[in-house]
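Novice: Numbering (the working numbering), first residue to last: 13 to 93.
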């Protein structure tokens, strides 16, 4: 299968991943974001197990914002007199 950025595909060996959107294609691999929320690198030698999927079948997971991950201003240590 010839892959292009933006293609929607299914990995025939891992259907539980859901449909995937091709994010990047290089000479050796493709980076694909699957509906399970993970980005996976698929080697060119495995492109034959990728199958075209329906355009509406790719549903990315919504972004979850973790408030704990938000950086807070660093406290400045006071000089002792």
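For each residue, glycine too, the CB sits at the ideal point set by N, CA and C.
1) In the DSSP assignment, what residue or residues form a beta bridge with residue 52?
2) Whole angstroms are fine: how far does the CA of residue 29 sit from the CA of residue 23?
3) Compute the Euclidean distance between the alpha carbons of residue 18 and residue 70, then round it to the nearest angstrom.
4) Looking at the strands, I want to know which residues DSSP matches up with residue 23.
5) Where residue 43 and residue 59 are concerned, what is the direct C-alpha to C-alpha distance, given to the nearest angstrom?
Specialist: Looking at the atomic coordinates:
1) Position 40 of the chain shown, counted from the first residue, corresponds to residue 52. Per DSSP, the beta-bridge partners of residue 52 are 44.
2) Here residue 23 corresponds to residue number 11 of the chain shown, with the count starting at 1. Here residue 29 corresponds to residue number 17 of the chain shown, with the count starting at 1. Cα to Cα, residue 23 sits roughly 8 Å from residue 29.
3) Here the question's residue 18 lines up with position 6 in the chain shown. Here the question's residue 70 lines up with position 58 in the chain shown. Rounded to the nearest whole angstrom, the C-alpha separation of residue 18 and residue 70 is 11 Å.
4) Residue mapping note: residue 23 aligns to position 11 of the chain shown, counting from 1. DSSP output for residue 23 lists 62 as bridge partner(s).
5) Counting from 1 along the chain shown, the entry for residue 43 is found at position 31. Counting from 1 along the chain shown, the entry for residue 59 is found at position 47. Cα-Cα distance, rounded: 11 Å.
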